[in-house]
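Just so we're aligned: 52 in the UniProt record's numbering is position 52 of the sequence shown, and the numbers increase by one with no gaps anywhere. Ideal Cβ placement from N, Cα and C applies to all residues, glycine included. For clarity, every value in this text was computed on a predicted model and none was experimentally measured. Have a look at the structure below before the remarks.
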Amino acid sequence: MHRQRVQADRVRRRDRRGRGIRGPLTPPQLPISRSRAQIFDDLVLDAVERLERVWARELANVEFLVEDVPQVPPGITADDGIPFSRLESAGGGRARITVYRRPVEIRTKDPEEMAFLVHDTVVEEVANLLGLEPETIDPESR
1 MHRQRVQADR
11 VRRRDRRGRG
21 IRGPLTPPQL
31 PISRSRAQIF
41 DDLVLDAVER
51 LERVWARELA
61 NVEFLVEDVP
71 QVPPGITADD
81 GIPFSRLESA
91 GGGRARITVY
101 RRPVEIRTKD
111 PEEMAFLVHD
121 TVVEEVANLL
131 GLEPETIDPE
141 SR
């Protein structure tokens, strides 16, 4: 009877083969534990903060979003290209810029290249919004 109780305790603890209870491998505060989506969000935030240093007043009513993939309207094919971002202007000087994570990730090979592409994408959409050239928005880009 004692043997059955020990086996029942093992099932409840889920400690298979005496290796300990499963859990995260790294503490959540370390950079290695961040997901790809969180890293991408930080890249977009860095690009926006860099532009807000100079264009704070013009970007005051602009909302920046990150989505995984774009919603492709019917009739659009892959040959037409998958966008990295979208600009939506609303009334009253309000606008929304959405950056798409997966298309950017697929087209980049390393984190540094991804950071450049995210920054260029944000600069291009801000330039479209303000009716200026991207080089005017951020002379250091490109």
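Candidates the options, of which the one nearest residue i by Cα
{"i": "GLY92", "options": "THR121, GLU58, PHE40 and GLU67", "result": "GLU58"}
{"i": "LEU129", "options": "PRO27, GLN38, TRP55 and ASP46", "result": "TRP55"}
{"i": "ILE82", "options": "LEU51, TYR100 and GLU49", "result": "TYR100"}
{"i": "ARG94", "options": "PRO27, VAL118, GLU52 and ALA60", "result": "ALA60"}
Range of the contiguous alpha helix (DSSP H) that encloses residue i
{"i": "ARG96", "result": "First-last for ARG96: 95–100, but that is the beta strand (DSSP E), not the alpha helix (DSSP H)."}
{"i": "THR136", "result": "134–137"}
{"i": "ASP120", "result": "111–130"}
Local Cβ density within 10 Å of residue i, reported as buried at 16 or more and exposed below that
{"i": "LEU132", "result": "exposed"}
{"i": "SER35", "result": "exposed"}
{"i": "PRO103", "result": "buried"}
{"i": "SER89", "result": "exposed"}
Endpoints, the beta strand (DSSP E) within which residue i is located
{"i": "LEU59", "result": "Taken as a continuous stretch (DSSP letters only), LEU59 belongs to no beta strand (DSSP E), as it is neither H nor E."}
{"i": "LEU87", "result": "85–89"}
Those residues which DSSP pairs with residue i across a bridge
{"i": "LEU65", "result": "THR98"}
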